[in-house]
Structure formats: C-alpha cells, structure tokens
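Written out below as structure tokens is the structure these notes cover.
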Amino acid sequence: MEFFHKEEAIRIIRKFMFWMNGCWLGCMCMWASTHPQKWVTTDDGLPQSNVTTILRDHRGFLWMTTGSGLVRYDGTNIKTYYSGTNYPFSLVHRILEVKPDVFWVSDFSKGIWELHFDSVKWIPVADPDSNANINEMIQIPDGRVVVALEKDGGFYIVDPETRAIEHFDSRTLGLGPDLVSLAGDVNGTLYLGSETSGLYVWRSGQIIEHLTEENGLPSNTVRAISVPGPGQLWVGTSRGLYIRGEPERSASFNQAFDYCPVLSFFRETDTKTWISTIEGGGGIVLFEGNQFKPYWSGKDPRTTSRSNCVYVDQEGTLFIGSSDGLVIISHHHFLNYDQQDGLSDPYLRGLAQDTSGRIWVGSKQSGLFYQDQDQFLQFPMDPQARFNEVNTLRSVGDEIWVGTRKGLMIIRGNQLVANAITEKVGDTYVRQISPQTDGSILLTGYRHIFRIQGQEVAEISYNLGNGFASLWGCQQHRDGFIYAATNGHGLFRLEGTTWLPVKSDLSNADGL
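The numbering used here puts the first residue of the sequence shown at 12, with every later residue one more than the last.
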C-alpha cells in the first residue's frame, strides 16, 4: 500500500478521488490534459473579477488583490475590504504580511496602508503630492519593504519596524521611468524591472548592471523577476523568458510558447517553478524535470481568462489568479485505512502528528494507534484499560497528549509519561486540549478547566465546576479573556475568578 507522510496526513480517512466542484476544460491548442477546477468569481462575492495577487497568511487564510478591493478567503467564505465595506481600498495591486496579522496593502493611487485585523492606517511612504502611483511592492529577505513608483518616482525602501524610509530617485540613479517589477536576494541586491528600459541591478546605492534587448533580454518590458538562488536570475518580459547563463533553456521556452508575455513566477521547490503567461489567452506553464510543460489554459468555453499569478499550497492545491476570478485546481485523493491496516476499531475520534511526521489515531473503544510504515500498531494500554476511550489528541512539542474518558495520557518517545500534569488532571473526562499563543495550554474536561504553563497546573473551573453545565472547550481571545463553551448554557468569560455569561445581541437567535 502506498503511504503518505506529513502534509498528506488528513488523507488517511477515506479512499476516493476528491475532485473539487468545477468544470472540465477541453484540450485546446498545445496545452496539457484538462484538470478539474473550481471557480470563485464575482457571483461568489469577489468585488471584482481580476485577481492580481494571491497570498496565504500564517493562519492559512488566502488573500487576493483585485481591481476593486481586497479579499480574504477561507475556502468557503469571502470577506471583502473595499469602499463598500468602509475600507479605503480600490485598485489594490499587492499585499504583504510584514509580520503575523499585520498586512501592508498597496493601492495603485492611494498609497500603502497597514491592515491589522479590522483597523487600517496609512503608511506615509511616497510624497502624496508627487502624483506617482505605486506599481509594485515586495518584502525582501531582510524584512524591509521595497516600493516601486510609476513615472520617475524611483523606489523606496521602508523598514516596517522603525518606519525608516529611504528614497532612490530614478533620475539620480539613471533608471528608466515606470518601474513595474521587483525582486531582491539575500545579499541585498535589488532587481528593478522597467516598462520600457529593461532590467536594472542595484546594490549599495548604485546600479551595477543593466540588461536590455541589446545584451540578451527578449524585450525591454520586464513584468516578472525571480532569483531562485545565488547567481541565478529569471526574467519575464513581454516577449518571453530570459534565464541568465542559459540561452538554450530560454530559447526552448520562447519557441515552444511563441514568445508569449510572462507575468509572474511562483517557485514551489528547488526544481519546480510555475509561470503565468498570456499564451493562448492566459496559461500556466510548469517547469519541472528540466522541462517546460503546458499545464492550464485560460481558454475555458465560458471565459477568456488571463492568468496573473499562481500559488501552490503544501497539499498541492493550485490557486490561479485570473482575469475572471480565482481558479482552484485540486489533485487530492484519500486512502482508507481500516482493520486490515491495523485499525481494529473503525470509530476514530482524533488525529495527531508527532515531530517525526508519524500519525497517531485515537479510537472510541480500542485506545490509541500509531503509524509504522504502511500499518497502524496499537499503543500498549494499561491493564485496567483506563485510557481505552480516546476523545482528543494533540501534538505538544515533542509529546503527544491524549485526552480520554479517564484522564490525560502523555506520550514521549513512544513511552507513557507520568508527571505533575497527569497527576493533577487525574481521572478528568478530557474533551479538549488547546495550546495558546502565550505558550500555555487550556485543557477542558467534562466539569473541569485546567490552565497548564510548563509543569505548573492550575484548575480554573471556579463557578463552572459546580456541575450545572458540562464543558466542551476553552480558548483565550485576543482581548485577553478566556472563553468557555458549555452544553446548553451558552458562552462564558472568565473575569478574575468568576465565569460570567456572555451577553450578545444574537443570544436569542443562537440559543446563547
């Protein structure tokens, strides 16, 4: 049996081909075989159909920039940030997560804005009286942000922490007008792509190289730049691809795809790069195994899509920002593991993955199982079968924490660990194990709540521990308060040493 590790852990539940709802495209021109697709468009809530940038943040949300605002997408729901929802965004071109939960949003004519949760403030980068709109924005390896302006505005380098701003004027440096693409490497070198004057290489305040049609570029209009590694340079132009030092490989792409404009690069791995083009109306080319392979065409019977950008997540799902919305192509499939693979109890209640990538599975009646090659082995339980009914699993550092009907089980290095935590929890019916952002862990039992910090355990059930309600989970909110979910009595918030019911305008509708 084929076995999947790490990111494919979730696939051990069912064995079937999973195809996202969408349409099959007919094979057009020279493009590769069709792929099952899902489209997210204005009909689904996008403020505008032209998706120009895709970013996945540290929480897993997908952010998209469009010609009419910003979008956050969780796979089901869309949240829009534009004038219609009281945000100052219109022609949004780029978004960066400069640090966790802090985003810089580039609006073509309104400048740079910082978005932190639902609050917005303007970042004074360029002179608002310069009338130089923003063409591009990137974050370079040292954490600073580079902003390129149209006309003769040149570029700015901004430190998100100190807000220190350096301006480099086009005329002073001898740059051509309208910088439209940027890239940076770990050595502090910047690559500046122009609309009409080719590519400039900048380091330590001066231009050290200038690439044009005269010395190798297919065109002086540079739309995309990628620096895969030391000494490597890929340039996307309005007439094809340039790869530094590899004229034959450059020619193979340009001849195969008729010198099509290249709009963006996404480097998935050291050997796998996705290229957005305008070939055939708008296509995606995959570079893999030293070959360029046509992958997706915008020639859908219902659209004339142009592919602007590509993002690939850890599970291999492809997200394409097109002129007609977001295209999602998934190749997920699931394998079923059952009795013949060692799982004697098919009623499974929890999954966790340890630091080695091994999968642990908790069952309703037969305790705990762990992955060994392509089989699952039962973890040895105590003679009294105390832990046989597993409710939840969680990976905590180099340990696996198991919440059962009769207490907490901690496994480290394939061995049960008895310590102050398991002793304090005792025979509590554990329902949820929830690590918090401050390093603590909230453990929710049927009638008990524990807060664990290191080896220190504090019971914080207080008045919720008197038996009037069963408990299902706890979480600390960014407002600093801990909230507890109960069965039939709604939501409670811990204030001091008292749990108080949370009042809400939605309480009647939601049964709170």
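Cβ coordinates follow ideal geometry from the N, Cα and C atoms, glycine included.
Thinking C-alpha only, which one of 209, 179, 185, 184 is nearest residue 192?
-> 209
Have a look at residue 365 and residue 399 and give me their C-alpha separation to the nearest angstrom.
-> 20 Å
My guess is that residue 336 and residue 57 are in contact by the Cβ rule of under 8 Å, so how many angstroms apart are they, rounded?
-> 6 Å
Can you give me the start and stop residues for the alpha helix (DSSP H) that residue 464 sits inside?
-> Looking at the DSSP string, residue 464 is not in any alpha helix (DSSP H); the run it does join, the beta strand (DSSP E), is 460-464.
Across which residues does DSSP place residue 245 in a beta bridge pair?
-> 237, 254
Closest Cα partner of residue 233 within the set 218, 451, 276 | 276
State the Cα-Cα distance for the pair residue 244 and residue 135, rounded to the nearest angstrom.
-> 32 Å
Closest residue to residue 405 among 183, 432, 452 (Cα-Cα distance) | 452
Endpoints, beta strand (DSSP E) assigned at residue 374 = 370-374
Considering only C-alpha positions, which residue in the set 288, 281, 439 is nearest to residue 265?
-> 288
Rounded straight-line distance, which links the Cα of residue 477 to that of residue 381 = 37 Å
Just reading off the alpha helix (DSSP H) that residue 495 is part of, what are its end residues?
-> That residue, residue 495, is in no alpha helix (DSSP H); its beta strand (DSSP E) goes 493-497.
Would you kindly report the start and end of the unbroken alpha helix (DSSP H) that includes residue 530?
-> Shown here, the chain extends from 12 to 523; a query on residue 530 therefore has no answer.
Excluding the five sequence neighbours on either side, which residues of its own chain have a C-beta within less than 8 Å of the C-beta of residue 432, listed in chain order?
-> 419, 421, 463, 466, 468
Taking residue 373 as the reference, give the member of 261, 403, 391 with the closest Cα.
-> 403
In terms of residue numbering, what span does the beta strand (DSSP E) encompassing residue 182 cover?
-> Run containing residue 182: none in the beta strand (DSSP E); it sits in the alpha helix (DSSP H), 181-184.
With residue 427 as the anchor, note down where its beta strand (DSSP E) starts and where it stops.
-> 426-428
Residue 508: first and last residue of the uninterrupted beta strand (DSSP E) it sits in = Run containing residue 508: none; DSSP gives neither H nor E here.
Answer yes if the stretch 209-229 comes into contact with the stretch 151-164, meaning at least three C-beta pairs across the two stretches below 8 Å, and no otherwise.
-> no
What is the rounded straight-line gap between the Cα of residue 262 and the Cα of residue 251?
-> 9 Å
Measure the alpha-carbon distance for residue 387 versus residue 410 and round it to whole angstroms.
-> 18 Å
If I'm right that residue 157 touches residue 168 with Cβ under 8 Å, what's the distance once you round it to whole angstroms?
-> 5 Å
Burial state of residue 317, where buried means 16 or more other Cβ atoms lie within 10 Å | buried
CB-CB length for residue 100 against residue 82, believed under 8 Å = Incorrect: roughly 10 Å between the Cβ atoms, too far for contact.
Can you give the beta carbon distance from residue 238 to residue 194, rounded, assuming they're within the 8 Å contact cut?
-> 5 Å
Are the Cβ atoms of residue 108 and residue 69 separated by less than 8 Å?
-> yes
Please check the pair residue 472 and residue 497, which I expect to be a contact at CB under 8 Å, by giving their CB distance rounded to whole angstroms.
-> Wrong, their Cβ atoms sit about 12 Å apart, outside the cutoff.
Closest by C-alpha distance to residue 273, when choosing among 360, 196, 231 = 231
For residue 381: DSSP bridge partner residues | 371, 388
Cβ neighbours of residue 120 in the same chain (closer than 7 Å, five flanking residues each side left out) | 102, 144
Contact under 8 Å by Cβ, residue 283 with residue 296 = no
By how many angstroms is the C-alpha of residue 423 removed from the C-alpha of residue 460?
-> 24 Å
DSSP beta-bridge partners of residue 194 = 202
For residue 358, does the count of other Cβ atoms within 10 angstroms reach 16, so buried, or fall short, so exposed?
-> exposed
Cα-Cα, which of 228, 212, 428 is closest to residue 186?
-> 212
Kindly indicate the opening and closing residues of the beta strand (DSSP E) around residue 118.
-> 113-118
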